[in-house]
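Trainee: First the structure, then my questions, so here it is.
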Amino acid sequence: MSNLQPARGTHDILPDEMRAQRRVVDIAGAVAERYGYEFMATPIFEFSQVFKRTLGDTSDIVTKEMYTFTDKGDDEITLRPENTAGVARCYMSQGLAQKAPVRFFYAGPMFRYERPQKGRLRQFHQFGIENIGIPGAFADIEVIATGARILDELGVADKTVLELNTLGDGESRDAYRTVLVEYLENRIDELSKESRDRLNRNPLRILDSKDEGDRKVVAEAPVFSDYLNNTSRAFFDEVREGLAALDISYRLNPRLVRGLDYYSHTAFEFTTEYLGSQGTVMAGGRYDGLIGMMGGPATPGVGWAAGIERLAMLCGEAPAARRPIAVVPVGEEARMPALKLSEELRRAGYRVDLGHSGNLSKRMKRANKVNAAAALIIGEDELARGAATLRDLDSGEQEEAPLASLVDRLARFR
RNA sequence: GUGGCUGUAGCUCAGUCGGUUAGAGCACCAGGUUGUGGACCUGGGGGUCGUGGGUUCAAUUCCCAUCAGCCACCCCA
Numbered sequence: 199m200s201n202l203q204p205a206r207g208t209h210d211i212l213p214d215e216m217r218a219q220r221r222v223v224d225i226a227g228a229v230a231e232r233y234g235y236e237f238m239a240t241p242i243f244e245f246s247q248v249f250k251r252t253l254g255d256t257s258d259i260v261t262k263e264m265y266t267f268t269d270k271g272d273d274e275i276t277l278r279p280e281n282t283a284g285v286a287r288c289y290m291s292q293g294l295a296q297k298a299p300v301r302f303f304y305a306g307p308m309f310r311y312e313r314p315q316k317g318r319l320r321q322f323h324q325f326g327i328e329n330i331g332i333p334g335a336f337a338d339i340e341v342i343a344t345g346a347r348i349l350d351e352l353g354v355a356d357k358t359v360l361e362l363n364t365l366g367d368g369e370s371r372d373a374y375r376t377v378l379v380e381y382l383e384n385r386i387d388e389l390s391k392e393s394r395d396r397l398n399r400n401p402l403r404i405l406d407s408k409d410e411g412d413r414k415v416v417a418e419a420p421v422f423s424d425y426l427n428n429t430s431r432a433f434f435d436e437v438r439e440g441l442a443a444l445d446i447s448y449r450l451n452p453r454l455v456r457g458l459d460y461y462s463h464t465a466f467e468f469t470t471e472y473l474g475s476q477g478t479v480m481a482g483g484r485y486d487g488l489i490g491m492m493g494g495p496a497t498p499g500v501g502w503a504a505g506i507e508r509l510a511m512l513c514g515e516a517p518a519a520r521r522p523i524a525v526v527p528v529g530e531e532a533r534m535p536a537l538k539l540s541e542e543l544r545r546a547g548y549r550v551d552l553g554h555s556g557n558l559s560k561r562m563k564r565a566n567k568v569n570a571a572a573a574l575i576i577g578e579d580e581l582a583r584g585a586a587t588l589r590d591l592d593s594g595e596q597e598e599a600p601l602a603s604l605v606d607r608l609a610r611f612r
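One gets the working numbering by counting positions in the first sequence from 1 and adding 198 to each.
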């Protein structure tokens, strides 16, 4: 058994779970389209540089979580740990600046070498949207609104909370960073070991530490909002105004810091308390610096990504599979006519379960097991009359119907 | 990567203070019903008790290691 196990942190997705995930993607995609987004995909692997250059040398994702290997052509390849960098790369290599602004959504597998837990897999799936080319706050507002609308239509809005923060522009962040590091250095012996390590690499992260000692120090730390310049402040105000206008409620969380380096201004997360410590269900923000970091022209962008598994878990029970019509032949001479009838019904749009063995009783059992809405029985008698027996499997009522009228007769079971 | 809990049939779980054929419910298969499913009845198949090693006359049970899942940290979707 041991070597038949799927690799650590991966798992098979069987139909029940697949339906749940598919529903998430279908609903999210349908909503995203209403907001002007179009479905697209980038490759599952890219040159490692795509991620290394953009996600930041200090991020955990780059430093310890990437699936990177050298392929037979000696290229250094990485399985994508997220999709924003890939979309940005695509934006440049496809010359999409010509078509800016662009709005894309994607769905697919991502890979991160982490210690697995429920809701945290090494191969997991994300649905995300990217809005590239719009510098103004309206883009941020619409991006958040798209996410909120999706959560609402999935029926999980009341299980999630939107947390919002601003990271300001580069100037504001640099100014704050300097002051913060200075403050933290003065109280360095009160900080946890992890936070001391983070002090140089990524001091903003310390604001989000769960360590008690750290929290005490953080509580008295200088506040970012005091260091926002006018531009950054005005931007954030407009975002908040827009959310208010759309009745999207949120909770300001000044400690909300995105893990990746390319973010600026708006940062947000939809979180839930129903999933244990894997509570982030959808997260994103503005990444005006990203395309520049990849060597392209300064290009604004906003987006978010959502964990499909996490959303599906939040949604609870998977939707039921579509109920088929069971076609059951009786006797050898009915097999071929049953095959032809099945084909005809399928062409007409029905889902058909054609049993392949067993007597009538066994096939009826199977019809029941696959949750068929109706059974069509064709045997010698029916064949002689060019008809089939149509049995409603819920009520148990049955009648004989001429083959020619079947497609219509079945309409109520569609 | 750190700390902890768990691992017995396809699933959910009993059980063995170390002892001979390891159980239940559900699921599955067959029959009761060779032109009628769901309910019911009868019977049946399925486990090297996660894997490897150690202790022992004897290990599914104790010990160690390992793998996997889960929880918290970490990180995040």
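Note that the Cβ used here is the ideal one computed from N, Cα and C, for glycine as well.
Less than 7 Å between C-beta atoms, sequence neighbours within five positions excluded: which residues of the same chain meet that for Ala298?
Mentor: Here the set comprises Ile330, Gly331.
Trainee: Which runs of the alpha helix (DSSP H) spanning at least 4 residues fall entirely within the region 435-494, listed in chain order?
Mentor: DSSP runs (the alpha helix (DSSP H)) wholly in the region 435-494: 488-491.
Trainee: Please go through the region 277-315 and give each complete beta strand (DSSP E) segment of 3 or more residues, from N-terminal end onward.
Mentor: Listed in chain order, the complete beta strand (DSSP E) runs (minimum 3 residues) inside the region 277-315 are 300-309.
Trainee: How far does the alpha helix (DSSP H) with Ala503 in it extend, from its first residue to its last?
Mentor: Run containing Ala503: none in the alpha helix (DSSP H); it sits in the beta strand (DSSP E), 499-505.
Trainee: Along the beta strand (DSSP E) that carries Tyr381, what are the first and last residues, could you check?
Mentor: Element bounds for Tyr381: not the beta strand (DSSP E) but the alpha helix (DSSP H), 368-384.
Trainee: Please report how far the alpha carbon of Thr587 lies from the alpha carbon of Ala205, in whole angstroms.
Mentor: Rounded to whole angstroms, Thr587 to Ala205 spans 49 Å at the Cα level.
Trainee: From Ala226 to Tyr548, what distance separates their C-alpha atoms?
Mentor: Rounded to the nearest angstrom, the two C-alpha atoms are 26 Å apart.
Trainee: Are the CB atoms of Tyr381 and Ala417 within a distance shorter than 8 Å?
Mentor: Cβ atoms of Ala417 and Tyr381: not closer than 8 Å.
Trainee: CA-CA distance, Tyr625 and Ser246?
Mentor: Nothing in the structure corresponds to residue 625, since the chain is present only between 199 and 612.
Trainee: Lys262: which of Asp269, Glu340, Gly271, Lys250 sits nearest, CA to CA?
Mentor: Lys262 has its Cα closest to that of Lys250, out of Asp269, Glu340, Gly271, Lys250.
Trainee: Please give me, in chain order, every unbroken run of the alpha helix (DSSP H) with length at least 4 that falls completely inside the region 406-440.
Mentor: Counting whole runs of 4 or more residues, the region 406-440 contains the alpha helix (DSSP H) stretches 410-417.
Trainee: Assign Asn198 to one of two classes, buried (16 or more other C-beta atoms within 10 Å of its C-beta) or exposed (fewer than that).
Mentor: Because residue 198 is not part of the residues shown, which for the chain are 199 to 612, the question remains open.
Trainee: Using the Cβ count rule (16 or more neighbours within 10 Å means buried), how would you classify Pro495?
Mentor: Counting Cβ neighbours within 10 Å, Pro495 comes out exposed, since fewer than 16 surround it.
Trainee: Considering only residues of the same chain and omitting the five flanking positions on each side of Gln219, which have a CB-CB separation below 6 Å?
Mentor: Here the set comprises Ile506, Ala510.
Trainee: For Thr252, report the span of its beta strand (DSSP E) as first-last.
Mentor: Element bounds for Thr252: not the beta strand (DSSP E) but the alpha helix (DSSP H), 246-253.
Trainee: With a threshold of 16 other CB atoms inside 10 Å of the CB of Pro527, please say whether the residue is buried or exposed.
Mentor: Result: buried.
Trainee: Do Ile576 and Arg589 have their beta-carbon atoms positioned less than 8 Å apart in this structure?
Mentor: It is not a contact, given that the beta carbons lie outside the stated cut-off.
Trainee: Counting C-beta neighbours from all protein chains within 10 Å, is the total for Val222 16 or more, i.e. buried, or is it exposed?
Mentor: Burial call: buried.
Trainee: Report the CB separation of Leu319 from His463 in whole angstroms; it is logged as a contact under 8 Å.
Mentor: Contact doesn't hold; Cβ gap of about 31 Å is too wide.
Trainee: Measure from the alpha carbon of Asn400 to the alpha carbon of each residue in Tyr374, Glu388, Asp387, Lys414, then state which is nearest.
Mentor: Selected option, being the one with the closest Cα: Tyr374.
Trainee: Is Met199 helix, strand or coil by DSSP?
Mentor: Caution is warranted here: a pLDDT of 36 is assigned to Met199, below 50, making its placement in the model unreliable, and the coordinate value is therefore given only provisionally. In this structure, Met199 counts as coil in the three-state DSSP scheme.
Trainee: Arg394 to Ile386, Cα distance in whole Å?
Mentor: C-alpha separation (whole angstroms): 7 Å.
Trainee: Glu328 by DSSP, collapsed to three states: which one?
Mentor: It is a strand residue.
Trainee: Within 10 angstroms of the Cβ of Ser430, are there 16 or more other Cβ atoms? Answer buried if so, exposed if not.
Mentor: By the neighbour-count rule (16 or more Cβ atoms within 10 Å), Ser430 is buried.
Trainee: DSSP three-state label for Leu360, please.
Mentor: Leu360: strand per DSSP, three-state reduction.
Trainee: Using DSSP with H/G/I as helix, E/B as strand and the rest coil, what is Leu509?
Mentor: Looking at Leu509 - three-state DSSP - the assignment turns out to be helix.
Trainee: Exposed or buried, which one is Glu328 when buried takes at least 16 other CB atoms within 10 Å?
Mentor: Buried, by the Cβ-count rule.
Trainee: DSSP three-state call for Val525: helix, strand or coil?
Mentor: In this structure, Val525 counts as strand in the three-state DSSP scheme.
Trainee: Am I right that Gly482 and Val260 are in contact with their C-beta atoms under 8 Å? What's the rounded C-beta distance?
Mentor: Their Cβ separation, rounded to whole angstroms, is 18 Å, which puts Gly482 and Val260 out of contact at 8 Å.
Trainee: Would you report the Cα separation of Lys567 and Met264, rounded to the nearest angstrom?
Mentor: Lys567 and Met264: Cα-Cα distance of roughly 44 Å.
Trainee: Among all the DSSP beta bridges, which residues are the ones paired with Leu588?
Mentor: According to DSSP, Leu588 bridges with Leu574, Glu597.
Trainee: Reducing DSSP to helix, strand and coil, say where Asp606 ends up.
Mentor: Helix at Asp606.
Trainee: Under a Cβ-count criterion, where at least 16 other Cβ atoms within 10 Å of its own Cβ denotes burial, should Thr268 be classed as buried or exposed?
Mentor: By the 10 Å Cβ count, Thr268 comes out exposed.
Trainee: Measuring only the C-alpha atoms, how far is Thr364 from Gly440?
Mentor: The alpha-carbon atoms of Thr364 and Gly440 are separated by roughly 15 Å.
Trainee: Just checking, does the region 348-362 make contact with the region 436-453 on the three C-beta pairs under 8 Å criterion?
Mentor: The region 348-362 vs the region 436-453: in contact.
Trainee: What does DSSP give as the partner residue(s) for Arg318 in the beta ladder?
Mentor: DSSP output for Arg318 lists Gln315 as bridge partner(s).
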